[in-house]
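So the structure is just underneath, and the comments pick up after that.
2 protein chains.
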Amino acid sequence: MTKRTDRRADALSRERIVEAAIAILDAGGEGALTFRALAARLATGSGAIYWHVADKDALLAAATDHVVTQAMSGVGGGEADPRAAIRVIALGMFDAIDAHPWVGAQFSRAPWQPAMLRVFEAIGGRVRALGVPEGAWFNAWSALVTYIFGAAGQNAANARLQAPGTDRSAALADIAGGWARLDPADYPFLRQVAPQLAAHDDRDQFLAGIDLILAGIGTVR
Amino acid sequence: MTKRTDRRADALSRERIVEAAIAILDAGGEGALTFRALAARLATGSGAIYWHVADKDALLAAATDHVVTQAMSGVGGGEADPRAAIRVIALGMFDAIDAHPWVGAQFSRAPWQPAMLRVFEAIGGRVRALGVPEGAWFNAWSALVTYIFGAAGQNAANARLQAPGTDRSAALADIAGGWARLDPADYPFLRQVAPQLAAHDDRDQFLAGIDLILAGIGTVR
DNA sequence: GACATTCATGGAACGATGTTCCAATTGATA
DNA sequence: TATCAATTGGAACATCGTTCCATGAATGTC
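One line per chain: the protein sequences are C and G, in this order.
The first sequence: position 55 = 55 (full-length UniProt numbering), numbered continuously.
The second sequence: position 85 = 85 (full-length UniProt numbering), numbered continuously.
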């Protein structure tokens, strides 16, 4: 009847390792997660970790799975309007990746993770409820999930290349300033939208894209 | 009058280094690009490379820039229809990343690269020509570039996690088979679209998403 | 033409990483 | 208690990005 986890009160377990890894990733980003740092935090050796986790890729996959699962647990099937439900799911993923930027990079390294299947299904179910003809389901679903995870990855990249302590709006103003100084003959558009780049909110921008795709799906009859 | 590159016929140069790096990346993927492999291919030492390139990040950025620039050079301003022009630009990026999958990962590591500005501007100019109200320009542009680079990154990820010699359609069939075997109660949608997943063409799928966004932009008046 | 100076090279060396290996320890079983 | 498998912890290995520096090549100066 004794479980394996009872062998010691402070026993190592896959779950404890994944949680420690997430803590390190959140605190210091991708570069901070090393087996030595992980072993130090868990007061053990790196060899012991390998007994529970195959390698670093598996560890990152498990950490990503954990975060996505947690983010999706908050999304109940409560929404009646499928469009509203899609917005809720998309924003849930956006916020999860905003809180854990390293997750964004994982999507472009190892898709098809089990937790993502639930996101895929959740979006797909609402697409079906949207009333578009069956022949358009796959395209509509694909565009949505591609946008959601693609935008997530890019947002995470932006978050990651920012110096830890610095202000986001200041960094954005820097880039916008660069756009405003481009050659007017070559870059008329970027010069013109530079102020909007400086002022925009990532979350609103993300949602605006979702709404554009939903509007496009609405034209399919 | 003697240029620095004339000092030796076989002189090292940033350009030669970047080209060698691209060759290695294309042949063996991201993992294959090491300064030792690069030095061996160029018949020199790793220290000499650092004279021309700051570090590995700069090298990857330069390689990405090279590929994107080349891809964009084929996209003239010839298209009269802005929608058609957007499709051409988007497909140009898709094909470039399809040919050099490692480029996709770079976008989610270092955006705002100089070559990307030209892509941004090219898309932005056509959005303006689309006839949508000025207040919607930024959102429409943002949705398009987010989708293009996001989808590119995900496609590159799929290409990368595939065993080098194996058939793509076989790998896709494997995943689709997994979807078809999911619990019908939990995953009705994924089960249903599994055959389409197995049969779909990435390029067509990508373009369908572009068209959905364009359709959505068309509804903004 | 001889010399000093700058540019450029190539390979040794350093610190850090992912991973493997194995002796020692722990807890369950008989 | 004696035995055995499960688990631990840390040393060791190969490889990586990067730095350092002694050496060679080209250029400018008298």
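Idealized CB from N, CA, C, for every residue including glycine.
Contact belief for residue i with residue j at Cβ below 8 Å, rounded distance in angstroms
{"i": "G216/G", "j": "L212/C", "result": "4 Å"}
{"i": "T44/C", "j": "L12/C", "result": "6 Å"}
{"i": "D65/C", "j": "A27/C", "result": "Not really, about 20 Å apart at Cβ, beyond 8 Å."}
{"i": "A170/G", "j": "A194/G", "result": "With a Cβ gap of about 15 Å, A170/G and A194/G do not count as contacting."}
{"i": "A151/C", "j": "T146/G", "result": "5 Å"}
{"i": "I17/G", "j": "I49/G", "result": "6 Å"}
{"i": "S46/C", "j": "G104/G", "result": "Incorrect: roughly 31 Å between the Cβ atoms, too far for contact."}
{"i": "L144/G", "j": "V127/G", "result": "7 Å"}
{"i": "A61/G", "j": "A110/G", "result": "6 Å"}
{"i": "L197/G", "j": "W179/G", "result": "6 Å"}
{"i": "D98/G", "j": "N158/G", "result": "In fact, because the Cβ distance is near 10 Å, the residues do not count as touching under 8 Å."}
{"i": "R41/C", "j": "A54/C", "result": "20 Å between Cβ atoms; not a contact."}
{"i": "F94/C", "j": "R221/C", "result": "That pair is no contact at about 29 Å."}
{"i": "W102/C", "j": "E30/C", "result": "5 Å"}
{"i": "T166/C", "j": "T219/G", "result": "Not really, about 39 Å apart at Cβ, beyond 8 Å."}
{"i": "G83/C", "j": "L182/C", "result": "Strictly speaking, residue 83/C in this sequence is Arg, with Gly absent from that position. That pair is no contact at about 37 Å."}
Proximity test, Cβ basis, 8 Å: residue i and chain C
{"i": "Y50/G", "result": "no"}
{"i": "S13/G", "result": "no"}
{"i": "T166/G", "result": "no"}
{"i": "G28/G", "result": "no"}
{"i": "S169/G", "result": "no"}
{"i": "residue 232/G", "result": "In the structure displayed, chain G extends from 1 to 221; residue 232/G sits before or after that span and is not available."}
{"i": "G31/G", "result": "no"}
{"i": "A173/G", "result": "no"}
{"i": "A198/G", "result": "no"}
{"i": "A157/G", "result": "yes"}
Beta carbon proximity, residue i to chain G, threshold 8 Å
{"i": "L25/C", "result": "no"}
{"i": "I217/C", "result": "yes"}
{"i": "R83/C", "result": "no"}
{"i": "L161/C", "result": "yes"}
{"i": "V193/C", "result": "yes"}
{"i": "A69/C", "result": "The sequence given here has Thr at residue 69/C, not Ala. With 8 Å as the cut-off, T69/C does not count as an interface residue toward chain G."}
{"i": "G74/C", "result": "no"}
{"i": "A143/C", "result": "yes"}
{"i": "A80/C", "result": "no"}
{"i": "A21/C", "result": "no"}
{"i": "D6/C", "result": "Bear in mind that a pLDDT of 46 at D6/C, under 50, signals an unreliable position, so the number given afterwards is only what the model happens to contain. By this cut-off, D6/C is not an interface position."}
Check: residue i C-beta below 7 Å from any heavy atom of the ligand MN
{"i": "F107/C", "result": "Of the ligands one can find in the structure shown there are none, so the ligand MN has no counterpart to examine."}
Using 8 Å as the threshold, is the stretch 184 to 194 of chain G in touch with the stretch 117 to 125 of chain C, meaning 3 or more CB pairs across them? Counting Cβ pairs under 8 Å, three or more are found: they touch.
Just by C-beta distance, which residues in the stretch 120 to 140 of chain G are closer than 8 Å to chain C? Cβ contacts with chain C: F120, E121, G124, G125, V127, R128, W137, F138, N139 and A140.
Taking beta-carbon pairs under 9 Å, can you tell me which members of the stretch 35 to 66 of chain C lie near chain G? Those would be none; no residue qualifies.
According to a CB-to-CB cut-off of less than 9 Å, which residues of the stretch 176 to 190 of chain G neighbour chain C? Residues G178, W179, L182, D186, Y187, P188, F189 and L190.
Please confirm if the stretch 86 to 100 of chain G is in contact with the stretch 202 to 210 of chain G, defined as three or more CB-CB distances below 8 Å between the two stretches. Yes, they touch.
Going along the stretch 91 to 121 of chain G in order, which residues come within less than 9 Å of chain C, judged by CB to CB distance? Answer in chain order: G104, A105, F107, S108, R109, A110, P111, W112, L117, R118, F120 and E121.
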